[in-house]
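Visitor: What follows is a structure written as structure tokens; I'll ask about it next.
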Amino acid sequence: DYNGRISSCKLMSDDKTLDEVLEVAIDASKKAGEIILGNAGGAEVTKCKANSRDLLTLIDPLCEKAIKDTVLHTFHDHDFLGEEDVAPGKESSAAALDDKLRKSNDWLWIVDPIDGTSNFVHGMPLCMPSIAATLNGEVMVGVIFDPHRNELFTAVKGRGAYMNGDRITVGEQAIIGDAIVAMGSPPAEESLNMSLKGIKTLMPKVRTIRMLGSAAIMLAWVANGRLTCYWEYDLSSWDIAAGALIVTEAGGSFTDLEGNDFTLRTRKICASNGKIHDEVLRVLREEAGVI
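The numbering used here puts the sequence shown at residues 784 to 1074.
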């Protein structure tokens, strides 16, 4: 019928838009990746943000500009939130996101141009762009490009997750004792103290703990099964928005530390293969006292 044709046209148009958004996100991530690779020997710190462990280089804004220019060249009316536009600290980060979400109920790109800046500064190949395209506050497209290994992690809502075009799924570990759990070494004092509580309680219970210094790569690696779980006490939307979609589209779970579903405002996170998710949350909450 006529209405059916209209809705099917709208669906095709939406699919076409999602394809275009994905294509631009991939293009933008590869441009940023080239800049990162061109400076892979390390970079000079231009300033410390929140404290001496929260770093910024000259290259971060270059990568952000490359991504923003690529996005806005195709999508003139889309909004943009990049880490380098925002003052340091979790209050500024939360306020900047709230401001964008209040003003825009359309497309908003949320971007970390170099996730893992400390790794980047020291020449460690664990740093990469993370790009999420959101619509009405929901992540529709996520792209994480690891230029050092030439691994492109992508997801479109409802279509599954992929690495270099091949479908990926989370790991099969069914008990916490078989789990490889990743976590952070955060710069802020409260997060640091909670991480220390968590590591002390989790380490004897899991196969091993890993700290890779980039939320993007840890989320990508949960999605393709290299890691079983990744938790962190406080992160910003640009650290996790792309990875949240990639993990869930790969069949995993992504919640806050109380088990509530992810939203763009979620800051305390746990991403996993789903099978050990509740047990990790229980250990953190009940045994480690992470609140």
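Where a beta carbon is used, it is the ideal one built from N, C-alpha and C, also for glycine.
Predicted model only: the values in this text are computed from it and were never measured.
Return the first residue and the last residue of the alpha helix (DSSP H) that Glu817 is part of.
Guide: Its alpha helix (DSSP H) spans residues Tyr785 to Gly821.
Visitor: Between which residues of its own chain and Val924 is the CB-CB distance below 6 angstroms, once the five residues before and five after are set aside?
Guide: Counting only Cβ-Cβ distances below 6 angstroms, and skipping sequence neighbours, we find Val804, Leu805, Ala808, Ala916 and Val939.
Visitor: On the three-state DSSP scale, how would you describe Arg993?
Guide: Residue state, collapsed to three classes: strand.
Visitor: Go through its chain and collect everything with a Cβ distance to Leu1010's Cβ below 8 angstroms, but skip five positions before and after it.
Guide: Around Leu1010: Gly954, Ile963, Val964, Ala965, Arg993, Met1001 and Trp1004.
Visitor: Applying the 10 Å Cβ sphere with the 16-neighbour rule, what's the burial state of Thr829?
Guide: Exposed, by the Cβ-count rule.
Visitor: Looking at Leu1067 and Leu995, is the spacing between their C-beta atoms short of 7 angstroms?
Guide: Cβ distance not < 7 angstroms, so Leu995 and Leu1067 don't count as in contact.
Visitor: Determine the DSSP secondary structure at Cys1053, reduced to helix, strand or coil.
Guide: If DSSP states are grouped into helix, strand and coil, Cys1053 belongs with the strands.
Visitor: Of all the options Leu891, Asp798, Gly906 and Ile927, which has the alpha carbon lying nearest to the alpha carbon of Asp1022?
Guide: Closest by alpha carbon: Ile927.
Visitor: Where Thr1049 and Asp929 are concerned, what is the direct C-alpha to C-alpha distance, given to the nearest angstrom?
Guide: Rounded to the nearest angstrom, the two C-alpha atoms are 24 angstroms apart.
Visitor: When you compare only the Cα positions, how much space is there between Leu864 and Glu1032?
Guide: Each residue's Cα considered, the two are about 23 angstroms apart.
Visitor: Would DSSP call Leu1018 helix, strand or coil?
Guide: If DSSP states are grouped into helix, strand and coil, Leu1018 belongs with coil.
Visitor: Applying the criterion that 16 or more other CB atoms from any shown protein chain within 10 Å of the CB defines a buried residue, is Ile842 buried or exposed?
Guide: Its Cβ being crowded by 16 or more others within 10 Å, Ile842 is buried.
Visitor: If you run the structure through DSSP and keep just helix, strand and coil, what is Cys1012?
Guide: In the structure shown, Cys1012 sits in a strand (DSSP, three-state: E or B).
Visitor: Out of Val922, Val1073, Pro896 and Val1030, which has the shortest C-alpha to C-alpha gap to Lys983?
Guide: Taking only the C-alpha atoms, the option nearest Lys983 is Val1073.
Visitor: Apart from the five residues just before and just after Glu866, which ones in its own chain have a Cβ nearer than 6 angstroms to its Cβ?
Guide: The answer, listed in chain order, is Asp895 and Trp1021.
Visitor: Per DSSP, which residues does Met783 bridge with? Please list them.
Guide: What the structure shows of the chain is the stretch from 784 to 1074, and residue 783 is not part of that stretch, so it cannot be assessed.
Visitor: To the nearest angstrom, report how far apart Lys848 and Phe903 are at their CA atoms.
Guide: Going from the Cα of Lys848 to the Cα of Phe903 covers about 18 angstroms.
Visitor: Check the DSSP bridge columns for Glu921 and list the partner residues they point to.
Guide: Its beta-bridge partners are Leu918.
Visitor: If we call anything under 7 angstroms between Cβ atoms a contact, is Asp898 one with Ala998?
Guide: Against a cut-off of 7 angstroms, the Cβ pair of Ala998 and Asp898 comes out as a contact.
Visitor: Starting from Leu891, trace the beta strand (DSSP E) both ways and give me its first and last residue.
Guide: Trp890 to Asp898 is the span of the beta strand (DSSP E), which, as asked, contains Leu891.
Visitor: Buried or exposed: Asp1017, going by 16 or more other Cβ atoms within 10 Å of its Cβ?
Guide: So Asp1017 counts as buried.
Visitor: Grab me the residues of Glu934's own chain with a C-beta within less than 8 angstroms of its C-beta, minus the 5 sequence neighbours each way, in chain order.
Guide: Answer for Glu934: Phe928, Met946, Asn947 and Ala1003, listed in chain order.
Visitor: Using the DSSP secondary-structure output, state which residues sit across from Met911 in a beta bridge.
Guide: In the DSSP output, where bridge partners are listed per residue, Met911 has Asp898.
Visitor: Ends of the alpha helix (DSSP H) at Val869?
Guide: It is not in any alpha helix (DSSP H) - Val869 carries neither H nor E in the DSSP assignment.
Visitor: Ignore the nearest five residues each way along the sequence and tell me which others in Val1030's own chain have a CB closer than 6 angstroms to its CB.
Guide: Counting only Cβ-Cβ distances below 6 angstroms, and skipping sequence neighbours, we find Leu1002, Val1005, Ala1006, Phe1037 and Ala1054.
Visitor: I'd like the list of long-range same chain contacts for Gly1042, defined as Cβ closer than 6 angstroms, with 5 residues on each side in sequence excluded.
Guide: Excluding positions up to five away in sequence, the list reads Leu1064.
Visitor: Using the DSSP secondary-structure output, state which residues sit across from Ala1025 in a beta bridge.
Guide: BP columns for Ala1025 are empty, so no partner.
Visitor: Exposed or buried, which one is His859 when buried takes at least 16 other CB atoms within 10 Å?
Guide: Looking at its Cβ environment, which holds fewer than 16 other Cβ atoms inside 10 Å, His859 is exposed.
Visitor: Label Leu979 either buried or exposed according to how many other C-beta atoms from any shown protein chain fall within 10 Å of its C-beta, with 16 as the threshold for buried.
Guide: Counting Cβ neighbours within 10 Å, Leu979 comes out exposed, since fewer than 16 surround it.
Visitor: Quick one: Cα of Ile959 to Cα of Leu855, how far?
Guide: When rounded, the distance between both Cα atoms is 44 angstroms.
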